[in-house]
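The UniProt record's numbering puts the first residue of the sequence shown at 1, with every later residue one more than the last.
Just so it is clear, CB atoms sit at the ideal spot from N, CA and C, and this is done for glycine as well.
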Amino acid sequence: MRASDVSLDLSIAFIIRAASRSGFVSRKSLNSSYRARFNDSEASGATFLFDRREAMAAGGMREVRVNTRHPHFPSNAIRNTKYNPFNFVPKTLVDQFRRRINVYFLVIALLQLNDRLTPVHPATTIAPLVFVFLMAMLKELADDYQRRVQDRVYNERRYTLCRRGKLQQVRSADIRVGDVLLIKQEEEMPADMILLKSSDPEGTCFIQTTNLDGEADLKIRQALPATKGLLDTQIAAFMGVVQCSKPSSMVYSFAGNLILPWAPEVPISLGNEQLLLAATSLKHTDHIFGAVIYTGPDTKFGCNKREPPFKESKVDVFIDRIAIGVFICQLVLALAFGAVGYDWYLHEGRRLAYLGYEPGGFLPAEGIWPSISYGLVYPTRFFLLLSIMIPIPLRLTLELCRVMYSQWIKWDDLMVDDHTSARTVAHTTSLNEDLGQIEYVLADKTGTLTENLMTLKKCSIANHMYGHSPASPDIWKDPALHAKLVESRPMVVDFFRCLALNHSAQPTHSKGDGRLMYATASPEDDALVHAAADIGVQLVERSNQEMRLWLEHGNVAGRQHERWQLLHLLEFSSARRCMSVIVRELAPETRTKSGAAPGKLKIYIKGADDAVMPRFWPGQDLAPTKRHVDFFGDLGLRTLVLGVRELEEEYYAEWAAKVAAVRTALNDREEKLASLYEEIEREFMLLGVTAIEDALQDGVPEAIADLRRANIKVWMVTGDTHATAVQVARSCRLVSPPSSRAFMIDVIGKNEDEVGDSVNEHLQSLQEGKYKSSGFTELNVVIEGKAVEAALQETYGRREAFAKLALQANTVICCRASPAQKAALVRLLKEQGKMTLAIGDGGNDVQMIQDAHIGVGVAGKEGLQAWQAARASDYSTPRFRFLKRLLLVHGRYSYKRTSIISLYSFYRSFLACTMQIIHNAFSGYSGASVIPSLYFSLWTILTLPFTFSFALDKDVTDRSCETFPALYREGQKGDALNLKAVFKWTCWGVTQGTGIYFLCLFSFGAFYVHPLDGGALSLVATGMACYSCGILVLFIVAFIEHDRISAMNCVLLFGTVLLFILLFAITSNLSNATWIEIDLLQGSFERLFTDPTFVLGVVAISCGVTLPQIISKFMKFYFRPAPHQVVQLYERKQEIMAQKRLAHSALLSTFKYQRSNSGHLGQLATVVEDGNLQDLVEDSAYEASLSVGGGAAQPAPMISVSSSLGYPVDTPRKFGAFAE
């Protein structure tokens, strides 16, 4: 035998000794099994072999040999980059040409390469297209560089690896499946691992998932008995095999077996209790050893890194439709003017020799080909000439603006949680405009509207309610409950014993003061186990086999000590909606072993009332408890029903054997276990009901009230009971109190027919006006999850009927809703053409979040589920109240800005195309360009700052957006971007382009005489005159369309004009430059700008053609101001009054200071103090026609604006819909 074999033999001996001490397998069986295996291995010449046929029989499984590197599995290197030096250019080009509009411009550029076809230089399209592509590539390169830097930081982290009996440092990227790692306290798990050993004697450790999901609560993990007793030196020689499923994105789903080398016939079940996920951190534990089973993309974290579902904003869809319409218009114009041009060529052009038409046409052939060639060339030339009608940089401009919008959301300090410093973050940049058009918000309750910080307030035990009287508002002040605890009433003690035992919490002690704390998996468990401890039934110790309680109440002096053997924990699932624990009572001196022990065998259960009550023994009187559940629900409290059952030893032994067999199955383990759980969770005796308070988040009622004033309907979808859901809806102002004129209807039924009849009955009453005739002004619909499934069926028009009913309601409350039912309601609203936003914090909200137009994840207390919701969302926010600012401020600004940017881009294109079209009417419809090729190619790029400046504009202040929520309705109606707006801006572009051309032709055409040399202007100079007027017109229009001119706006607007003048001066002085026909511009700048009449003429023409638009804008403001214009007037008056109050205060201070030095100043100061100067201020305010209710010192919520424009408005309360 080799020396390595001897060393291995010694290591296995240590393993045998440790396993026998743990009680997992007897020493005799371990020794015999090991000797047999070792003899077999010696005979075969191998170290040792064991049979894996059973493990490999199941297909689709992974086998990991511990302490053996598996290079065929993916490495642990993280690579989020999209490009490398070789594929960057081709991949970015492919991505760009996936957009049909870029393909369109590529075709235009290729056609322009034929100098006989193109009326302008090919660079007119190629230059803007290259510019757009370069900017897009730079953006992609910057994003990919950031990803590369993050990857490098992650991959270079150092960890301790156990290899060949030694500890050595290894990079995170070099970790492989099968490695055994030593993880120290505060270190982050680099991969998914199985916990082998912990520094804690019980084999437990605590992990924190903050880096994964933002949750600060501790989670407990437990090593297997067979490995927790290994010495640190033995870990390096451990040669077990882990059989587990293939990588999966299901965070809560893990099934595996550990096969020990000395007992391969007895696989040990592995579950979530032994799984350490990547990105979690080790806490309150000195160190642990773990075996790596998934690395890199195979980890749970890696499997969940997938592309979110494709969502396209409503604005993008509209712009695409407009682009198609413009393309059709361009095609029609090209064909029409091409036909006219071809006809002019046939009848006039060929007879004019000075035009230089080729006798044979463009194609050197005889017969009909010359005519056909011209018939094809003319439409093509016009098509190329009008290609600018679809603005090339529009998409790039919008993308850059959207990146800014997303950054502004992230940088908004008013959307930061004060406790966690978490910010609202945009996970996408393509949906910002949709935030400004939301009509329906579907919100989860727990953790979204509420804090998810729970406290036990009331309870019902054995049909007796505690903590409900005015003198005893909660259980802590109820003397009756405490008296029964002192008397050790069995039902009362067993009730709190259930709370202390039925959970997965782990007791721990704080390092500072040694205070007992609990690491729990859910806020409900945390509230209940703390409540039991505070009431006197305290869990003080827990291991994987035993739980110890201290009971402080009772007839015995001091504390009563209880020990319970932990046999099985039937964990909570969303399908079962309950959890159970099977325990055996032990005498205080009894040592826990794997065999039988004295004492009662019990199973405790807790869960939702509709899930637990059907499991009770049928002979009990449950009516009082049901009333208590309804009563607690009416108070907005979350309820859980508790029960207990004593088990027979024989029945339990048979059931436990089935569970043990199923736990080693690698296929369908969860389904089989659920069936066995259902088998034993029955015939319970009632213990009582817990009523937990989950307080509303700060600002939720106010946020919902403002959202409703913004005409946004809020629906609540929750898994809570009917009564709880309704009460919480009232607490957060989602539903008006019963005393108001609010009517609530329930859609109920035991089957589809009854639910359909209920919907039709309510809909008929609504259509007949019965509710309105009864004085009700608010209609609310309440429906349960099962009824939702029935109401959404397509048969007999049920779906359509329910949609009509729900859309007419002020709000819909869906209780006991499953994830699929939540998503079904979202799809129902989308089918009706409504803009939807779904907000939630749990894993059961993911489907709803992904199906909505906008998905928002709340960083709540739901642990890994919150991580799932945040990753699936388009936006994440730490608090629900920030949704108000996200929609009313950022959403509204994004929509308004993108709308004006889009309209201005098309307007700019139509203005240039109009000049080109009209010019061809005077040039034989030849498809010639009036604008020189260089500047025609720079038209969209040079004027890009004009367009971009609108991204910095604000029509009203942030405060006004929140103070007047009704401003949001402009976005819901689509007032800023619709067909009417597109038509209006198109008309402005056409009329102003027409005016520019004719006025320039009249002013600088045949009748123009240069004052210095007496000569006329060339065609190029006349074209530059038109171009100069176009630039100035764009400047004026951009200036007047801005609501607020900031310093940056001025830089962009005036800087663009100066840039054009500088560029014109440079290009006109370039000699011998033929690129893009620059030589034709030589001397043009000096010739034009040395003539004062030219400069004044350009200014006069520009002002003249924009005057109608200026007058129209003023008249609209005068006679039909929009709501935001009314608020602008209000803001201006407030500024004026604030300045006057400031001036008044400063003047008063000055007079007081100089009173002793000047007699007349002292008299004036006295006048000021008497209030006469205040009369002057009030007179000025009256002249400004603004009176502020509640005193002039502070703006009151109700103001009255009677403007001199002749448009009386009361804002906000007297302005009807706008005010609300």
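- Taking a contact to require three or more Cβ pairs closer than 8 Å, the region 873-882 and the region 942-953 do not qualify as touching.
- With a cutoff of 7 Å on beta-carbon distance, A422 and I409 are scored as not near each other.
- Taking one beta carbon from each stretch, the region 144-155 and the region 954-969 have fewer than 3 pairs nearer than 8 Å; the two do not touch.
- Burial state of H919 is buried, judged by a 10 Å Cβ sphere holding 16 or more other Cβ atoms.
- As a beta-bridge residue in DSSP terms, Q560 pairs with L551.
- Under DSSP, the beta-bridge partners assigned to A291 are V180 and I194.
- Looking at the backbone, the Cα of G341 and that of I1031 are separated by about 29 Å.
- Per DSSP, reduced to three states, the secondary structure at C244 is strand.
- Look at N452 here: in three-state DSSP terms it is strand.
- By the neighbour-count definition (other C-beta atoms within 10 Å, threshold 16), N1049 is a buried residue.
- Shown here for A656: same chain residues with a beta carbon closer than 8 Å to its own, the five before and five after excluded, namely L567 and H568 in chain order.
- Using a C-beta cut-off of 8 Å, the region 130-143 makes no contact with the region 64-80, since fewer than three inter-stretch Cβ pairs fall below that distance.
- Contact check between the region 573-587 and the region 608-624: three or more CB pairs, one atom from each, fall below 8 Å, which counts as touching.
- Around the C-beta of R627, fewer than 16 other C-beta atoms lie within 10 Å, and the residue is accordingly described as exposed.
- Under the three-state reduction of DSSP, A533 is assigned to helix.
- Rounded to the nearest whole angstrom, the CA to CA distance from V177 to E265 is 24 Å.
- Segment contact: the region 441-456 against the region 511-527, three or more CB-CB distances shorter than 8 Å; contact assigned.
- In its chain, beyond the 5 residues on either side, T724, Q727, V728 and S731 have a beta carbon closer than 7 Å to the beta carbon of G636.
- Taking the CA atoms as reference points, N780 sits about 39 Å from F496.
- Taking the Cβ atoms as the reference, Q437 lies roughly 50 Å from T285, outside the contact range of under 8 Å.
- Separation of S430 and R402 (C-alpha to C-alpha, rounded to the nearest whole angstrom) is 7 Å.
- Residue pairing by DSSP places C578 opposite G607 in a beta bridge.
- Annotation: the continuous alpha helix (DSSP H) that includes Y677 extends over R669 to I680.
- Beta bridge pairing from DSSP links M716 with A443 and I813.
- Taking a contact to require three or more Cβ pairs closer than 8 Å, the region 379-395 and the region 90-104 qualify as touching.
- Under the DSSP assignment, R885 falls outside any beta strand (DSSP E), being part of the alpha helix (DSSP H) whose first and last residues are F882 to R885.
- With a cut-off of 8 Å on Cβ pairs, the region 887-906 is not in contact with the region 452-460, counting fewer than three such pairs.
- Fewer than three Cβ pairs drawn from the region 202-209 and the region 243-263 lie within less than 8 Å of each other, which leaves the two stretches out of contact.
- Judged by their CB atoms, T424 and F882 are nearer to each other than the 7 Å cut-off.
- DSSP, reduced to helix, strand and coil, places K82 outside both helices and strands of the structure shown, so it counts as coil.
- Just so you know, the alpha carbons of E433 and H853 end up roughly 11 Å apart.
- Judged by DSSP secondary structure, N257 falls within the beta strand (DSSP E) whose first and last residues are G256 to L260.
- Counting of Cβ neighbours within 10 angstroms places A483 among the exposed residues, the total staying below 16.
- Residue state for Y904 is assigned as helix, using DSSP reduced to three classes.
- The criterion of a C-beta distance shorter than 7 Å is not satisfied by I941 and F105.
- A1065 carries a helical assignment under DSSP once its states are collapsed to helix, strand and coil.
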